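Before any comments, here is the structure.
Residue numbers (the working numbering): 760 to 948.
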């Protein structure tokens with residue numbers, strides 16, 4: 760056998776082992792916990808930290824969950840547009856019931872998820888109004904890239920500025936905002 764055939768055979772074995780390992784060690788949808796099968800749940804927004812982070816109290820729970828809206832990146836509170844973004848999210852969801860579709864956690868331990876209120880996608884609403892960027896990850900443009908392009912064309916919100924600085928770039932130049940009492944949740948005061 761030549762080298763290429765050997766590598767292909769080896770790759771096939773590795774692939775088969777991976778598939779077997781997933782089948783053997785990951786929960787089956789029939790036997791999985793309900794949360795794993797249906798990551799969608801309903802809760803009440805108790806606090807808005809900024810334009811993309813909320814505290815949500817799941818129905819039937821006594822402990823709020825810190826949730827980052829997946830697919831968007833809102834300006835830092837100390838950056839131009841930060842307060843406007845937070846205020847818009849407060850108007851949209853604070854003290855209201857939302858539906859959350861969970862998609863894992865971020866590097867800060869916050870739950871990542873899609874948030875809806877009365878069937879409206881909150882992430883899409885924030886990007887459409889120009890109050891958040893569509894978050895892209897590696898090669899994916901993200902689910903709201905076309906909405907961001909439209910908001911830029913219409914010069915809405917943040918995009919009325921000549922060159923709005925994304926939060927990532929802002930932090931590189933200015934560091935993180937200092938967290939004041941106004942930024943902490945009621946339970947952190």
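Backbone N, C-alpha and C fix where the C-beta goes; we use that ideal spot for every residue, glycine too.
Fair warning: this is a prediction, and the values are worked out from it, not measured in the lab.
Check: Whole-Å CB distance - residue 852 paired with residue 826, under 8 Å assumed; Outcome: Incorrect: roughly 10 Å between the Cβ atoms, too far for contact.
Check: Residue 872 - DSSP class collapsed to helix/strand/coil; Outcome: strand
Check: Anticipated Cβ contact below 8 Å, residue 828 with residue 889, distance rounded; Outcome: Not quite, the Cβ-Cβ distance comes to about 16 Å (not below 8 Å), so this is no contact.
Check: CA-to-CA distance, residue 931 to residue 822, given in whole angstroms; Outcome: 34 Å
Check: Straight-line Cα distance separating residue 817 from residue 868; Outcome: 17 Å
Check: Nearest-angstrom Cβ-Cβ length linking residue 892 and residue 832, presumed shorter than 8 Å; Outcome: 5 Å
Check: Residue 789 - DSSP class collapsed to helix/strand/coil; Outcome: Note that residue 789 has pLDDT 35, beneath the 50 cutoff, so the model's placement of it is unreliable and no number is given.
Check: Straight-line gap, residue 824 to residue 920 (C-alpha atoms, nearest Å); Outcome: 34 Å
Check: Own chain partners of residue 949 with C-beta closer than 6 Å, once the 5 adjacent residues on each side are dropped; Outcome: Any answer about residue 949 is impossible in this case: the structure gives the chain only from 760 up to 948.
Check: Any chain D beta carbon closer than 9 Å to residue 928; Outcome: Considering every chain present, this structure includes no chain D. It has just one protein chain.
Check: Given residue 885 as reference, the closest of 935, 910, 838 once Cα atoms are compared; Outcome: 910
Check: Exposure label - residue 810; buried when at least 16 CB within 10 Å; Outcome: buried
Check: Per-residue DSSP class, three states only, for residue 931; Outcome: helix
Check: Residue interval of the beta strand (DSSP E) (run including residue 801); Outcome: 799-809
Check: Burial state of residue 874, where buried means 16 or more other Cβ atoms lie within 10 Å; Outcome: buried
Check: Beta-carbon spacing of residue 887, residue 914 below 9 Å; Outcome: no
Check: Residue nearest to residue 927 in terms of C-alpha spacing, selected from 800, 838, 801; Outcome: 838
Check: Rounded Cβ spacing between residue 830 and residue 901 (contact assumed at less than 8 Å); Outcome: 5 Å
Check: Span separating the alpha-carbon of residue 840 from that of residue 834; Outcome: 6 Å
Check: Length of the line joining the Cα atoms of residue 872 and residue 862; Outcome: 5 Å
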